[in-house]
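K.L.:
Numbering (the working numbering), first residue to last: 10 to 202.
Given below as structure tokens:
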């Protein structure tokens, strides 16, 4: 009997903010791009089209691309322009505030995928002044994510032992190249205008 693949997704942590805004932003950007193409010229319409494409790309990068999931051995944190693959057994601490912070040794890795909104943070500060009981994993999704990643890290250490496997950072080359090219295209358009 073979061992199950270690890169299969065990848990996918759903974003707590930004998705609806992202889809609305894509819709608005698509409308602006369509209007620029409809009034096509090398003048103002070309500049609007370049900015619309840049806006679409930035909406994707900032609001829709970030994701976080766990495999049997790793926590994968996909951010705007890179992806960090963190061995679960190396995770020392997980804290969710406005972003998720994972500590490995003396280095912190951040993910905007799961976090508290400003309103939740203010409400929690008000509740802490009244000495309310600490929230349980059933109270909020953010607490559940914090507890779940901690559990997966402990489980990985029990199953696979301590590891010195490095944290791997992979750049998001298509997003980086697209952003650079569109910014350069807009600057060239400005100079030629």
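Glycine included, each C-beta is placed from N, C-alpha and C at the ideal position. The structure displayed is predicted, hence computed values, not measured ones.
Are the CB atoms of residue 54 and residue 45 nearer to each other than 8 Å?
P.N.:
The answer is yes: Cβ separation under 8 Å.
K.L.:
With three or more beta-carbon pairs closer than 8 Å as the criterion, would you say the region 55–71 touches the region 151–167?
P.N.:
The region 55–71 vs the region 151–167: no contact.
K.L.:
If you reduce the DSSP assignment to three classes, tell me which class residue 152 lands in.
P.N.:
Correct three-state label for residue 152: helix.
K.L.:
Using a threshold of 8 Å, state whether the C-beta atoms of residue 122 and residue 76 are closer than that.
P.N.:
Against a cut-off of 8 Å, the Cβ pair of residue 76 and residue 122 comes out as a contact.
K.L.:
So residue 76 is in the beta strand (DSSP E); what residue range does that whole segment cover?
P.N.:
Start and end: 76–80.
K.L.:
If you run the structure through DSSP and keep just helix, strand and coil, what is residue 11?
P.N.:
For residue 11, the pLDDT reaches just 48, beneath the cut-off of 50, and the residue's location in the model is therefore unreliable, although a value from the coordinates is still provided. Residue 11: coil per DSSP, three-state reduction.
K.L.:
Classify residue 122 as helix, strand or coil using the three-state DSSP reduction.
P.N.:
Here residue 122 sits in coil by DSSP.
K.L.:
Nearest to residue 78 by CA position, among 21, 165, 177, 32, is which residue?
P.N.:
For the residues 21, 165, 177, 32, the minimum Cα distance to residue 78 belongs to 21.
K.L.:
For a quick check, are the C-beta atoms of residue 119 and residue 110 less than 8 Å apart?
P.N.:
Contact: yes.
K.L.:
For residue 110, write down the residues that DSSP places opposite it in a beta bridge.
P.N.:
Partner(s): 104, 119.
K.L.:
Once the 5 residues before and after residue 33 are set aside, which same chain residues still bring their CB inside 7 Å of it?
P.N.:
Within the same chain, residue 33 has no close Cβ partners at all.
K.L.:
Please list the terminal residues of the continuous alpha helix (DSSP H) segment that includes residue 70.
P.N.:
It is not in any alpha helix (DSSP H) - residue 70 carries neither H nor E in the DSSP assignment.
K.L.:
What I want to know is whether the C-beta of residue 125 ends up closer than 7 Å to one or more non-hydrogen atoms of the ligand FMN.
P.N.:
Summarising the ligand content, the structure contains no ligands, and the ligand FMN is consequently not present.
K.L.:
Note down the Cα distance separating residue 37 from residue 91, rounded to an integer number of angstroms.
P.N.:
Going by the C-alpha atoms only, they are around 26 Å apart.
K.L.:
Please tell me whether residue 71 and residue 86 are closer than 8 Å, where the distance is taken between their beta carbons.
P.N.:
The answer is no: Cβ separation not under 8 Å.
K.L.:
Need the endpoints of the alpha helix (DSSP H) that residue 94 sits in, please.
P.N.:
From DSSP, residue 94 is part of no alpha helix (DSSP H) but of the beta strand (DSSP E) over 91–96.
K.L.:
Could you tell me the alpha carbon to alpha carbon distance between residue 145 and residue 93, rounded to whole angstroms?
P.N.:
With a pLDDT of 49 at residue 145, under the threshold of 50, the modelled position of this residue cannot be trusted, and the question is left open.
K.L.:
Does the Cβ-Cβ distance between residue 59 and residue 200 come in under 8 Å?
P.N.:
Contact flag unset, no.
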